[in-house]
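Enquirer: Just so we're aligned, residue 458 is where the sequence shown starts under our numbering, counting upward by one.
Glycine included, C-beta positions come from ideal geometry on N, C-alpha and C.
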Amino acid sequence: MFKMETDQKTLHSLFLRISPGRFHFLKFILEGYDNLAILSSVESREGIVVIRYPEGHKVELFALLVDIAADLVE
């Protein structure tokens with residue numbers, strides 16, 4: 458069972474538009490960082506996704522997204 462620490466129970470949501478064909482790439486990258494964030498598709502044809510993350514992972518997540526931003530668009 459997945460359990461978060463008390464200060465990280467609340468998940469924040471970040472909506473992004475990426476190239477539809479890059480969803481699995483982003484999911485693969487996020488899965489490499491255990492418990493960093495959860496990726497879900499909102500509108501797959503449009504490439505709209507939501508990333509849910511605990512506050513304590515915000516800095517690391519945003520740094521990662523900056524690093525891979527160019528790879529999320531075709």
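Between LEU473 and ILE508, which are expected to be in contact by the criterion C-beta below 8 Å, what is the C-beta distance as a whole number of angstroms?
Expert: Right, their Cβ atoms sit about 7 Å apart.
Enquirer: Suppose you measure from the CA of ASP491 to the CA of HIS481; what does that come to, to the nearest Å?
Expert: Taking the straight line from one Cα to the other gives about 16 Å.
Enquirer: Would you report the Cα separation of THR467 and GLU531, rounded to the nearest angstrom?
Expert: Rounded to the nearest angstrom, the two C-alpha atoms are 33 Å apart.
Enquirer: Which of the three DSSP states, helix, strand or coil, is assigned to MET458?
Expert: Here the model assigns MET458 a pLDDT of 44, short of 50, so the residue's position is not dependable and the matter cannot be decided.
Enquirer: Using a Cβ-Cβ cut-off of 8 Å (strictly less than) and excluding sequence neighbours within five positions of GLU517, which residues of its own chain qualify?
Expert: Around GLU517: TYR490 and LEU493.
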